[in-house]
Amino acid sequence: MPNTPCGMKSIYDCKLIEQHEVSPGVWLSKLTGPEIARGAVAGQFVNVQVAKTTDPLLRRPFSLHAVDREKGTFSLLYVLVGRGTALLHRYVSGDIISVVGPLGNGFDLGDSPDAEHIVVAGGCGAAPLHFLCDSLCEKWGCEKVTVLVGGKSKDALLCEDEFREHGVLTEAATDDASYGYGGFVTQLLQAHLDKRSDASNLRIYSCGPHGMMREVARICSEHEVQSCQVSLENKMACGIGVCTGCIQKIKKQSQGCDPAWEYKRVCADGPVFEAENIIWE
Amino acid sequence: MPNTPCGMKSIYDCKLIEQHEVSPGVWLSKLTGPEIARGAVAGQFVNVQVAKTTDPLLRRPFSLHAVDREKGTFSLLYVLVGRGTALLHRYVSGDIISVVGPLGNGFDLGDSPDAEHIVVAGGCGAAPLHFLCDSLCEKWGCEKVTVLVGGKSKDALLCEDEFREHGVLTEAATDDASYGYGGFVTQLLQAHLDKRSDASNLRIYSCGPHGMMREVARICSEHEVQSCQVSLENKMACGIGVCTGCIQKIKKQSQGCDPAWEYKRVCADGPVFEAENIIWE
Amino acid sequence: MGIEPFSDPKSIDLTVDIGGIKMKNPVTVASGTFGFGREMADFFDLSLLGAITVKGTSLEPWLGNEYPRTVETPSGMLNAIGLQNDGLESLINEKMPFLRQYDAPVIVNVVGQSLEEYAEVAARLDSVEGVDGLEINVSCPNVKKGCLAFGTTPEGTAEVVRAVRDKTDLTIITKLSPNVTDIASIAQAAVDAGSDALSLINTLMGTAIDPWTQKFRLANITGGLSGPAIKPIALRMVYEVARSVDVPLIGMGGIMNALDAVEFILAGATAVAVGTGNFVNPMAAVEIIDGIEDYLKKMDKSSVMEIVGKVS
Amino acid sequence: MGIEPFSDPKSIDLTVDIGGIKMKNPVTVASGTFGFGREMADFFDLSLLGAITVKGTSLEPWLGNEYPRTVETPSGMLNAIGLQNDGLESLINEKMPFLRQYDAPVIVNVVGQSLEEYAEVAARLDSVEGVDGLEINVSCPNVKKGCLAFGTTPEGTAEVVRAVRDKTDLTIITKLSPNVTDIASIAQAAVDAGSDALSLINTLMGTAIDPWTQKFRLANITGGLSGPAIKPIALRMVYEVARSVDVPLIGMGGIMNALDAVEFILAGATAVAVGTGNFVNPMAAVEIIDGIEDYLKKMDKSSVMEIVGKVS
Ligand SMILES: Cc1cc2nc3c(=O)[nH]c(=O)nc-3n(C[C@H](O)[C@H](O)[C@H](O)COP(=O)(O)OP(=O)(O)OC[C@H]3O[C@@H](n4cnc5c(N)ncnc54)[C@H](O)[C@@H]3O)c2cc1C
Ligand SMILES: Cc1cc2nc3c(=O)[nH]c(=O)nc-3n(C[C@H](O)[C@H](O)[C@H](O)COP(=O)(O)OP(=O)(O)OC[C@H]3O[C@@H](n4cnc5c(N)ncnc54)[C@H](O)[C@@H]3O)c2cc1C
Ligand SMILES: Cc1cc2nc3c(=O)[nH]c(=O)nc-3n(C[C@H](O)[C@H](O)[C@H](O)COP(=O)(O)O)c2cc1C
Ligand SMILES: Cc1cc2nc3c(=O)[nH]c(=O)nc-3n(C[C@H](O)[C@H](O)[C@H](O)COP(=O)(O)O)c2cc1C
Ligand code: FES
Ligand code: FES
């Protein structure tokens, strides 16, 4: 990190190819956007204009869920949670949607062929991790990658099949034990790490609810993994680094009398951060 | 006048049956609304919520263009002029639209079987006059009704065919002489009235641009017709008579030292007024 | 001492008291957005309301401003009605008999161009059956002379309140202008002068221009901004005033639904008024009453009063 | 005397002069919504702008407020950034070298907690190459101590302006707060104290509450409201101030497109600033420059100055 391709970000009029509901309240949209598809790396996001009128006013950030560089398309996976996503899911094939992107810094996939990679997805955090899996497989081979995917119940598991289709080892955890491992996905991660005497060749990547990522960070630091990266979803106004609204307290490397942390912008300095640098609150 | 059915107005969730473009920029929507269809009279309007969000905030008023009492449906004919109509024309069959209505007072069709009726439609003013024609035919027979329909050019003439289908005598006027009478529809009206020595059994009904209705009013007063009614389209905030935003100066019958006019609310006291009572500005 | 009566665990106490006016629920309507009730009675039974607040009324009839009087703005609207009203006589003889049919307190919004006018309207209304409170409009932004000047200073506000207080025992609710630097000091002055309650906010002064004609969109040039656009400002002012005075507040400004209303109550309003929301949804006020009750149930509260000012 | 040069009948003069700052067109950006330009340079060539107005800068770095700092509201947003900035040294050593690459005047928004701080920042910037003007922020609503207090009275405003005027010959633009009863009197005081131009409006103080958690949505409790929601208020204030002072105005508040900008110019602004609009459309400022030119062509005008204040 940072892993930002330079000078690609811009505003694009993207055509909606199609969108449909993949599970109750969760939608998958596919849009044209050759520049975005070509320039983006896993972990980056786009900022989508959901309304043509002034309410809701602000764009909505969504992670890149998948890109097809050849076809020049990209997908978003989003959960209907409020007014913006309600408007978004009403668009129909052929509609033009204004998209700013690709934004932020992606995941750092490491530079050692020996490393093993564990991807920990919680709920809708699966969105960027699908693209990540793709990238990890491409770079290091799918056999190096394990995905742990968690959800409240079997129905709430997102992208499990998609992960399997990559050919990566995929394990599911459900809070209500309705499927796979019975318990939190973080407990599943803990079990995985506990099995190892040495975790120093392990790279962990996570996205999900705040509390889950915090727990992932704790487990990782306990096991001294090579790298533990989390993707934050702080509230954003601009998404492009100019408003300093989306800040996160990040440990500062080494300074005298200054506070031991500084504010970093999740949109421009993240959304992916090394978990150990985050000051969780 | 007033010709308001009591206690019918309410808020209804109407289902859009279908809508399509009838001529460039002009749309016809058909909605379910048994109470509205049953209760409404020609000249009344409905107030339509175009957005589910707060911008645009206010409802948009549209005249009832046609009602089917048996099927419990009604239609609107509207011109794409701004943000509200832009949102409206994006709704698709099956969508639920919130409609307040029927609102205002309709046209007074008179009580004499001897009267003849001339309907003068200018541009999009044709919208309420189609319903009016229907009602006139029903009450007095189509042979008593003549429609004069005007527009900038042949393409801009609205509802000409629909009027003809009623079986009423329909004459068109185009400003650019591309079709029918070459000139303003008001000149066509003037020609009609000039032919008669006595206009006292004539009832004139008009809707269209402000300047056109004013001219209709002038011509009617010159010829001393039995009644000349115009339907105004002042800007409305509430549409239900509570804000006093849509006011029009109306002559007062006979008062001492007060001004010779009073403010009437177009939405609740109109939108149809006897032209001779209007203080045109 | 006796035995405590068993109470229905699900019954929720929606009643509030605004300076002596007993409201069966905390929802009234904003003056000027509900007429004198007649038109709204087609939509619902006015007895459902916590109180009915009617259009600004002056001693003599006022014609108001020229057309155009309204213009839509992003998530809001400007109005420059100019307080058109038929005057006090018409209120007493025509509007009040209609309103007395309903079982809801009536609050009359009072406007005037001089202290004497305010005082006289108050004196006359003091004995009118069915009138429960006077809302003193010292803050109308759309009338050239008269009331705006009073509402922008603590002294001016106090003067009007005192003039009215001298003439009536009715509940006095002073309606505050948001077009000021320090609304809390004006609130304090109104309370010190004898106001039993306060309502806020009136509209924010604004304007709009048509770029193509290069003319103002309102005949009056400026108008008052209302609707969701102003809600954040209104809420802040309610919060500020609630922390500085002890009388009950009626909060308003952009309330469209029950959760908006709850925000105002949490900020410190004892009751709320629905204004522009009535135009968008004529059933808004009654839906908000139900919605507040639902909210309290979900939050496991047994009365509105439990949440007044409870934001943290 | 000579012969008048033939002029291209279609060429439109977009230049304006803001208290000595020559702008090639009347469009700048609102402080705090454009960072220090670096991020926006990915979207367009900053030299296209009439001027670049950078984030509020203080003598020492400020951390700003806790998260959450922003919340969306109907057609607007609240922000309580709290003027996070890296301080004057960083501006001079890191930001200015970057900005000097572009052919556009730079206006530095200055904040301080005391007169001395304002004065010192001004003194230091006086000699910094590439800095053309100082926008004196006497009106930031999100910082507890310091600048808000100055901006709400004519006297406080004048004090700050005088302190800065004493230290610099740069163009001084005083940025006015809308959270006041009489903005024109404050404008007058700023001009009398030596301000070369004025910019308005800063944000309106507001708040928002989450009904389910019963907590404020901003860590700072209150924040500043910006965006289309406030446009009618901003426009009214520009109109009021334009009629009472003689210096050029930079108008802002909810400008999203060229016609919004034209409204401000017609109301009396010589230039405009795009703020929250940048968030919605990072290309807004340049599209507005083109749109103003188109508008003038359609209206058959040959310069921006022809329409400044021309509303009727
Ligand atoms: C970098 C980034 C990447 C994201 N990627 C995805 C993704 O791939 N798929 C997905 O479904 N969601 C993603 N989110 C969250 C997504 O942006 C929000 O769900 C969306 O903005 C909600 O919009 P709304 O108008 O429907 O909801 P609103 O009506 O605005 O709010 C509904 C709920 O969502 C919360 N919310 C609103 N805005 C945000 C926000 N910017 N971030 C987090 N929570 C918010 C609100 O607090 C509220 O609880 C991402 C957020 C960020 C910052
Ligand atoms: C009683 C009544 C009946 C009407 N019936 C019809 C009808 O049957 N068919 C039809 O096409 N139109 C009708 N209109 C006009 C229609 O209401 C407006 O065209 C519509 O509100 C414009 O909405 P918009 O958001 O698309 O335009 P906006 O973006 O709001 O404005 C675009 C243009 O339309 C004008 N406009 C906006 N609102 C109104 C309004 N309430 N009245 C008049 N002009 C307005 C604006 O000044 C502007 O020039 C009627 C108006 C009234 C008052
Ligand atoms: C059309 C209209 C007319 C109004 N007339 C009055 C009035 O007569 N007296 C008064 O005190 N307030 C009047 N107001 C202000 C409202 O009562 C209320 O304070 C304001 O609109 C804010 O609430 P809202 O955003 O819910 O509309 C009027 C508002 C509107 C929109
Ligand atoms: C996120 C944000 C940060 C801001 N920071 C500053 C600032 O540092 N200094 C300042 O004078 N104004 C600041 N403002 C106010 C804007 O410059 C502008 O006056 C206001 O937002 C109104 O314009 P708008 O509606 O176009 O955004 C800020 C506004 C926003 C939204
Ligand atoms: S959202 Fe504006 S800086 Fe991140
Ligand atoms: S639009 Fe409100 S009274 Fe007619």
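Protein chains in written order, with our numbering: chain G, 1 to 281; chain A, 1001 to 1281; chain Y, 2001 to 2312; chain R, 3001 to 3312. Ideal placement from N, C-alpha and C gives every residue a C-beta, glycine not left out.
Check: Alpha-carbon to alpha-carbon, residue 2022/Y and residue 2309/Y; Outcome: 19 angstroms
Check: Length of the line joining the Cα atoms of residue 1095/A and residue 1214/A; Outcome: 39 angstroms
Check: Per-residue burial, residue 1009/A [other beta carbons within 10 Å of its own, 16 or more giving buried]; Outcome: buried
Check: Under 8 angstroms between C-beta atoms of residue 2168/Y and residue 2125/Y; Outcome: yes
Check: Integer-rounded CB distance, given that residue 28/G should sit under 8 angstroms from residue 75/G; Outcome: 6 angstroms
Check: Alpha-carbon to alpha-carbon, residue 2046/Y and residue 2012/Y; Outcome: 21 angstroms
Check: For residue 3159/R, three-class secondary structure by DSSP; Outcome: helix
Check: Cβ-based burial, residue 2149/Y [other Cβ within 10 Å; buried from 16]; Outcome: exposed
Check: Backbone secondary structure at residue 2232/Y - three-state DSSP; Outcome: helix
Check: Residues within the segment 2218-2241 of chain Y neighbouring chain A, beta-carbon criterion of under 7 angstroms; Outcome: 2227 and 2228
Check: Host alpha helix (DSSP H) of residue 1139/A (start-end); Outcome: 1126-1140
Check: Where residue 2286/Y sits in the DSSP three-state scheme; Outcome: helix
Check: Closest residue to residue 2272/Y among 2014/Y, 2027/Y, 2175/Y and 2020/Y (Cα-Cα distance); Outcome: 2027/Y
Check: Own chain partners of residue 2173/Y with C-beta closer than 6 angstroms, once the 5 adjacent residues on each side are dropped; Outcome: 2133, 2135, 2197 and 2199
Check: Straight-line Cα distance separating residue 2077/Y from residue 1232/A; Outcome: 22 angstroms
Check: Under 8 angstroms from the C-beta of residue 1275/A: neighbouring residues of chain Y; Outcome: Here the premise fails: no neighbours, minimum Cβ distance about 18 angstroms.
Check: Chain-order list of residues whose beta-carbon lies under 6 angstroms from that of residue 2191/Y (same chain, five-residue window excluded); Outcome: 2245 and 2247
Check: Span separating the alpha-carbon of residue 2071/Y from that of residue 2044/Y; Outcome: 27 angstroms
Check: Contact set for residue 3002/R: own chain, Cβ-Cβ below 6 angstroms, skip 5 residues either direction; Outcome: Confidence at residue 3002/R is low in this model, with a pLDDT of 46, below 50, so the placement of that residue is unreliable and no value is reported for it.
Check: For residue 1117/A, the three-state DSSP class (helix, strand or coil); Outcome: strand
Check: Three-way DSSP call (helix, strand, coil) for residue 1005/A in this model; Outcome: For residue 1005/A, the pLDDT reaches just 48, beneath the cut-off of 50, and the residue's location in the model is therefore unreliable, although a value from the coordinates is still provided. In the structure shown, residue 1005/A sits in coil (DSSP, three-state: anything other than H, G, I, E or B).
Check: Contacts around residue 2242/Y, its chain only, beta-carbon distance under 8 angstroms, and the 5 residues preceding and following it disregarded; Outcome: 2249, 2267, 2268, 2269 and 2309
Check: Residue 234/G at chain R interface by Cβ criterion, 8 angstroms; Outcome: yes
Check: Chain G within 8 angstroms of residue 3042/R, Cβ atoms only; Outcome: yes
Check: Test item: CB-CB of residue 3203/R and residue 3216/R under 8 angstroms; Outcome: no
Check: Residue 2268/Y Cβ short of 7 angstroms to ligand 6 heavy atom set; Outcome: no
Check: Neighbour flag for residue 3113/R against chain G, beta carbons, 8 angstroms; Outcome: no
Check: Inter-stretch contact (C-beta, 8 angstroms, three-pair minimum) for the segment 68-82 of chain G and the segment 168-175 of chain G; Outcome: no
Check: Contact test: residue 3257/R Cβ vs ligand 2 heavy atom, cutoff 7 angstroms; Outcome: no
Check: Among 2287/Y, 2279/Y and 2306/Y, nearest to residue 1056/A - alpha-carbon criterion; Outcome: 2279/Y
Check: Residues in the segment 2166-2183 of chain Y having any Cβ partner in chain R nearer than 7 angstroms; Outcome: 2179, 2180 and 2181
Check: C-beta neighbour in chain A for residue 286/G, strict 8 angstroms; Outcome: A query on residue 286/G cannot be resolved here, the shown segment of chain G reaching from 1 to 281 and no further.
Check: Touching by the beta-carbon criterion (3+ pairs, under 8 angstroms), the segment 31-49 of chain G and the segment 101-121 of chain G; Outcome: yes
Check: Cβ of residue 2947/R within 8 angstroms of any chain A Cβ; Outcome: As shown, chain R starts at 3001 and ends at 3312. That puts residue 2947/R outside it, with no answer to give.
Check: Inter-residue CB distance, residue 1061/A and residue 1236/A (contact presumed, cutoff 8 angstroms); Outcome: 5 angstroms
Check: CB contact below 8 angstroms: residue 2084/Y versus chain A; Outcome: yes
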